[in-house]
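Step one of this worksheet: look at the structure below.
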Ligand code: ASP
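Numbering (the numbering used here), first residue to last: 375 to 718.
Structure follows, in structure tokens:
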């Protein structure tokens, strides 16, 4: 009989860890050591589940790089003795966290699956049970002694996505996430079916490298019709600014006004990395396709291609933190490091 898999469940906070006190109608944090009592179905899974809870669970709106490092430290400490990780966080910023964790774990060869829920685990109609059970099942799925998933995934409402391809699209529906530019990696129906040809393939012999330096001197600058030069100038001149995610229109287009292009060029000359990411949900940046993006290309703006804003921000913090050589930066950014963008 196959050995039971060791799963580590890390609870950082979020709705999923709440139970409703039906007398008072208020939400109370739930003691994860009682998880099996709350979800007895877990006893049927062929794995041993250990849980670690943040000392003070947080709403994911309070998530930040310090907590990402806390998550990384837990994974690093238990990596050798654990077969799969399930990380529970609030869904609001889960795509940012899953993206950041994907960059921080180089050569990851075990499943790290994020999940959460829209309703608390103790709610009658909760989506938490299914999400947690299936996330654990995915984290313990092995084939020929090798984990099927060797990357950071995000499981929500019957679908497993590549974490750094996701974005939260709905604040109410159980189906809260989308992976607009990459198909889902697995689906839970009658069977748990993996799209094995889409999964990142890695050699398990490679040693995990943990990256903990993130540079927070970055900003997301979303263009809009009517944005003034003053606004752009103020943002680009923020003290210590090192990187900008420039959210542009369509396939990477921006106003052609000379003043705006000059401000962007001056920022690049000061050593600030500027990444062009589209405001569209689906599709890719293609600088040079229109006149409104040719100049951006000429002045040295980096193409984010079809990356999500969440993953772009995490990748920017990561590459700046690693102090990648200025000229190499563009090459690193424009090529996938963890499957976060499509190579055309
Ligand atoms: N506000 C909550 C959070 O992100 C929502 C959730 O858990 O889904 O922490």
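For each residue, glycine too, the CB sits at the ideal point set by N, CA and C.
594 is the residue among 562, 594 and 609 whose C-alpha sits nearest the C-alpha of residue 688.
Listed in chain order, the alpha helix (DSSP H) elements of length 4 or more contained wholly in the region 446 to 529 are 468 to 478 and 502 to 513.
In this structure, residue 457 lies near residue 521, with their beta-carbon atoms less than 8 Å apart. Under the DSSP assignment, residue 535 falls in the beta strand (DSSP E) whose first and last residues are 533 to 536. Judged by beta-carbon spacing, residue 491 lies beyond the 8 Å limit of residue 419, meaning their Cβ atoms are not closer than that value. When secondary structure is reduced to three states using DSSP, residue 583 falls in the strand class. Residue 412 and residue 581 have their C-alpha atoms spaced approximately 37 Å apart. At a cut-off of 7 Å, the beta-carbon of residue 389 counts as near ligand 1: some heavy atom of the ligand is closer than that. Here residue 668 carries a helix assignment [DSSP, helix/strand/coil]. A check of alpha carbon separations from residue 704 across 622, 447 and 693 identifies 693 as the nearest. Contact between residue 573 and residue 512 does not hold, since the beta-carbon distance rounds to 11 Å and is not under 8 Å. The residue among 428, 568, 691 and 509 with its C-alpha nearest the C-alpha of residue 384 is 428. In the DSSP assignment, residue 684 falls outside any beta strand (DSSP E) and lies within the alpha helix (DSSP H) extending over 683 to 695. Residue 650: member of the beta strand (DSSP E) spanning 647 to 652, first to last residue. DSSP places residue 439 within a helical segment (H, G or I) once states are collapsed to three. Here DSSP, grouped into helix, strand and coil, assigns residue 557 to coil.
Taking a contact as a CB-CB distance under 8 Å, the pair residue 646 and residue 615 counts as one, their CB atoms being some 6 Å apart. Distance from the CA of residue 670 to the CA of residue 661, rounded to the nearest whole angstrom, comes to 7 Å. Between residue 433 and residue 388 a beta carbon distance of about 7 Å is seen, short of the 8 Å cut, so the two are scored as contacting. Checking the 7 Å criterion, the Cβ of residue 537 is out of range of every heavy atom belonging to ligand 1.
Taking a C-beta distance under 8 Å as the contact criterion, residue 588 and residue 691 qualify as a contact pair.
Every alpha helix (DSSP H) stretch that sits fully inside the region 576 to 628 and reaches 4 residues is listed by chain position as 603 to 610. Remark: fewer than three beta-carbon pairs, one from each stretch, lie closer than 8 Å, so the region 474 to 487 and the region 548 to 562 are not flagged as touching. At least one heavy atom of ligand 1 lies closer than 7 Å to the C-beta of residue 490. Close CB contacts of residue 400 within its chain, under the 8 Å cut and outside five residues either way in sequence, are with 394 (chain order). Contact check for residue 445 and residue 382: beta-carbon distance about 11 Å, past the 8 Å limit, so the pair fails to qualify. Bridge pairing for residue 549: absent [DSSP]. Taking every protein chain shown into account, the CB of residue 558 has 16 or more other CB atoms within 10 angstroms, so this residue is buried.
Within its own chain, the residues whose Cβ lies closer than 7 Å to the Cβ of residue 635, once the five positions on either side in sequence are excluded, are 669 and 673, listed in chain order.
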